[in-house]
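First residue of the sequence shown: 212, per the numbering used here; consecutive thereafter.
Worksheet: the structure to be examined is printed underneath.
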Amino acid sequence: MQSLAQNKEEEVIASKVYRGKRINEEDGLYLFEKAPLGFTASLANFIREKRHGDRTYFNRNFHIEPTNVCIYTCAFCSYSRLIKNREDGWEYTMEEMMDVIRAYDDQPVTEVHIVGGVLPQYDVTFYENLFRKIKLHRPELHIKALTPVEYHYIFKKEKISYEEGMRRMKEAGLDSMPGGGAEIFHPEVRDQIAKDKCNAEQWLKIHEIWHNLGGRSNATILYGHIENYSHRIHHMRLLRDLQDKTGGFQTYIPLKFRNKDNEMAHLPEVSVIEDLKNYAVSRIYLDNFDHIKAYWPMIGRTTAQMALAYGVDDLDGTIDDTTKIYSMAGSEEQNPSLTTRQLAEMILQVGRQPVERDTLYRIVQDFSHLDLNENWSGYLELPVTNNQR
Ligand code: V47
Ligand code: SF4
212 MQSLAQNKEE
222 EVIASKVYRG
232 KRINEEDGLY
242 LFEKAPLGFT
252 ASLANFIREK
262 RHGDRTYFNR
272 NFHIEPTNVC
282 IYTCAFCSYS
292 RLIKNREDGW
302 EYTMEEMMDV
312 IRAYDDQPVT
322 EVHIVGGVLP
332 QYDVTFYENL
342 FRKIKLHRPE
352 LHIKALTPVE
362 YHYIFKKEKI
372 SYEEGMRRMK
382 EAGLDSMPGG
392 GAEIFHPEVR
402 DQIAKDKCNA
412 EQWLKIHEIW
422 HNLGGRSNAT
432 ILYGHIENYS
442 HRIHHMRLLR
452 DLQDKTGGFQ
462 TYIPLKFRNK
472 DNEMAHLPEV
482 SVIEDLKNYA
492 VSRIYLDNFD
502 HIKAYWPMIG
512 RTTAQMALAY
522 GVDDLDGTID
532 DTTKIYSMAG
542 SEEQNPSLTT
552 RQLAEMILQV
562 GRQPVERDTL
572 YRIVQDFSHL
582 DLNENWSGYL
592 ELPVTNNQR
C-alpha cells in the first residue's frame, strides 16, 4: 500500500494502520495536531474499506423525545434552560408516546429511538410499562432507548443496583442503548459542562453491565467546545478499553457542538475540516469499533456525504423528527427526516453502496444495484414521515 507519509512519525503510524496494529495516544495526538488531513483521511478510508468496502449503512427509524425539559443543567444543552419556563416545553404522557408509535403502524420502520430530558415522573415503572406496551403493540420494533444519564437517575431513585435495573429494562423489552450522555469523560471538562449528571465511571459501568447481559449499545462524544485534543483521545481510550473487555459497542458517533440558545453560545463552532478530521482520527484510533456514524441532522447532508471518505460507514437513519434537541441547539437540519430514496441517493452520489440495516447491523436490504436515473418504486419513498403528514 502506497503511503502518503512525509516523515518518520507518519511512516510509523501508516505502517501500524496497514499492518492492522493499534495506534497509541501519541499517534492519535499527532494525527489531530500535526498530520496533513489528506494523510489522515487516506488511513481512515483504508480501514473503512478494509472493513466494509463501499457499503454504507442506514436504517429506517424514528425518534420519540418524551420531554424537552430537564432537571439537569448541562451547559451545552438548550433543554435545561427550559425547565424554568415550562410553557415552551412538552412532557408526553404514556398514551401520547403510544400515539407516536401507532402513527408508524403502516410504515416499514425497524427502530424507535427514545431519548429526552430527565424528569422525576419518568421512573423505572413508567419506562417498564412503556417498553411493554410498545412490544405488545409491535413486537418486532427494536427499542433503542435511554442512556446512563436516565438509568443512573431512575435506578438511584428506585434504590436498586445498576444490575437489577438493567435486568428489569431488558425484561420489559429494551433492545439496545443509544450512545448519548457521554459528552467528554475527562473531569477537567465534564465538571464544567455536565457536572450534575452521571460521571464517566457511571456511564461506562452501565454500558458494561448492559453488555454483560448480552446487550449492544453505541457511544458518542460531544466535541468542538472547550475540550482539547488530549481530552478527545482520553475519551476514546476509555471506550477502547471497555470495548476490549466486552465487545458490546457497535458504533461511535461524534456529535459536533452546536452553539444556539445554550450557556455556551459564546463559543464558536468548529469548521467542517475539524469535523472531517475528527471522524478520520476516530476511525483510526478506535480499532475495535465496527462502525463510525455521521449523524446527518447535526452536521447536514453535504458534510455527512463527505464524511464517507473520512472513515464513516453509517449515516444513522430516516429519523423523522419529533426531536428538538439538535434543532434547538442550531443543527443544520431544522426538521430532519429523509425517505429511504433520499438517503440511498446521498450515498450513491458519492460512489458508495447504500445498505439498509437493522439496529444490530443485520442487512435488511441492499440498495447498491439501484440506478439514480431509474424510476424508483413507491417502497423507497417510505417512511412517509410525521413531518410530511
Ligand atoms: O448526549 C445536546 C447531544 C446527545 C447539544 O446512539 C448536543 O444512535 C451538539 O446521543 N450540540 C444525545 N450536541 C443524542 C445522542 C444520539 C444521537 C443520534 C444517534 C444516537 C445513537 C445517539 O445530544 C447528548 C449530547 O451530547 N447534544 N446538546 C448541542 N448543543
Ligand atoms: Fe438534560 Fe441531556 Fe440536556 Fe443534559 S444534555 S440538560 S441531561 S437533556
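Idealized CB from N, CA, C, for every residue including glycine.
| Check | Outcome |
| --- | --- |
| Note down, in chain order, each residue of its chain lying with its Cβ closer than 8 Å to the Cβ of Tyr-490, except the 5 sequence neighbours on either side. | Ala-255, Pro-465, Ile-503, Ala-505, Ala-518, Tyr-521, Gly-522 and Val-523 |
| Just how far apart, CA to CA, sit Val-335 and Ala-383? | 10 Å |
| Taking only the alpha-carbon atoms, compute the straight-line gap between Val-481 and Ile-365 and give it to the nearest angstrom. | 35 Å |
| Between Gln-564 and Gln-516, what straight-line distance do the alpha-carbon atoms span, to the nearest angstrom? | 12 Å |
| Starting from His-353, follow the beta strand (DSSP E) in both directions and report where the run begins and ends. | 353-356 |
| Nearest to Gly-231 by CA position, among Thr-570, Phe-243 and Lys-261, is which residue? | Lys-261 |
| In whole angstroms, what separates the C-alpha of Pro-508 from that of Gly-249? | 25 Å |
| State buried or exposed for Asp-238, treating a residue as buried only when at least 16 other CB atoms are found within 10 Å of its CB. | buried |
| Who are the near neighbours of Ile-558 in its chain, counting only those whose CB is closer than 6 Å to its CB and skipping five residues on each side? | Thr-267 and Pro-565 |
| Please find out if some non-hydrogen atom of the ligand MG comes closer than 7 Å to the beta-carbon of Val-360. | The model on display carries the ligand V47 and the ligand SF4 but not the ligand MG. |
| Could you tell me which residues DSSP puts in a beta bridge with Thr-570? | For Thr-570, which the question treats as bridged, DSSP gives no partner whatsoever. |
| Using only CA atoms, which one of Ile-417, Leu-347, Ile-404 and Tyr-333 lies nearest to Ser-372? | Ile-417 |
| Does at least one heavy atom of the ligand SF4 sit under 7 Å from the Cβ of Gly-435? | no |
| In the DSSP assignment, find the unbroken beta strand (DSSP E) run with His-397 in it and report its ends. | From DSSP, His-397 is part of no beta strand (DSSP E); its letter is neither H nor E. |
| Under the three-state reduction of DSSP, which class applies to Asp-238: helix, strand or coil? | helix |
| So, at 8 Å on beta carbons, what are the nonlocal neighbours of Leu-497 in its own chain, with the 5 sequence-adjacent residues on each side left out? | Met-447, Leu-450, Arg-451, Gln-454, Tyr-463 and Ile-503 |
| Quick check: what's the CA-CA separation for Cys-285 versus Ala-405? | 4 Å |
| Do you know how far the Cα of Arg-349 is from the Cα of Ile-420? | 27 Å |
| Look at the Cβ atom of Met-388, then the Cβ atom of Lys-355, and state whether they are nearer than 8 Å. | yes |
| Can you name, in chain order, every residue of its own chain whose Cβ lies under 7 Å from the Cβ of Arg-600, other than the five neighbours on each side? | For Arg-600, the predicted structure reports a pLDDT of 31, less than 50, and the residue's modelled location is therefore unreliable. A value from the coordinates is still provided. Within the same chain, Arg-600 has no close Cβ partners at all. |
| If you count every other CB in all the chains shown that lies within 10 Å of the CB of Gln-217, and 16 or more means buried, which is it? | exposed |
| So, with DSSP's three-state summary, where would you put Asn-218? | coil |
| Taking the straight line between their C-alpha atoms, what separation do you get for His-477 and Glu-307? | 36 Å |
| Near Glu-302, which residues of its chain fall below 8 Å by C-beta distance, leaving aside the five closest residues on each side in sequence? | Pro-277, Thr-278, Val-280, Leu-330 and Gln-332 |
| Helix or strand or just coil, what does DSSP make of Leu-347? | helix |
| Residues in its own chain within less than 7 Å of Gly-328 by CB, not counting five upstream and five downstream? | Thr-278, Asn-279, Val-280, Cys-281 and Tyr-290 |
| Can you tell me whether Glu-322 is buried or exposed, with buried defined as 16 or more other CB within 10 angstroms of its CB? | buried |
| With DSSP as the reference, identify every bridge partner of Ser-428, one or two as the case may be. | Met-388 and Phe-460 |
| Between which residues of its own chain and Arg-512 is the CB-CB distance below 7 Å, once the five residues before and five after are set aside? | Met-557 |
| Determine, using beta carbons only, whether Lys-488 and Thr-251 come nearer to each other than 8 Å. | yes |
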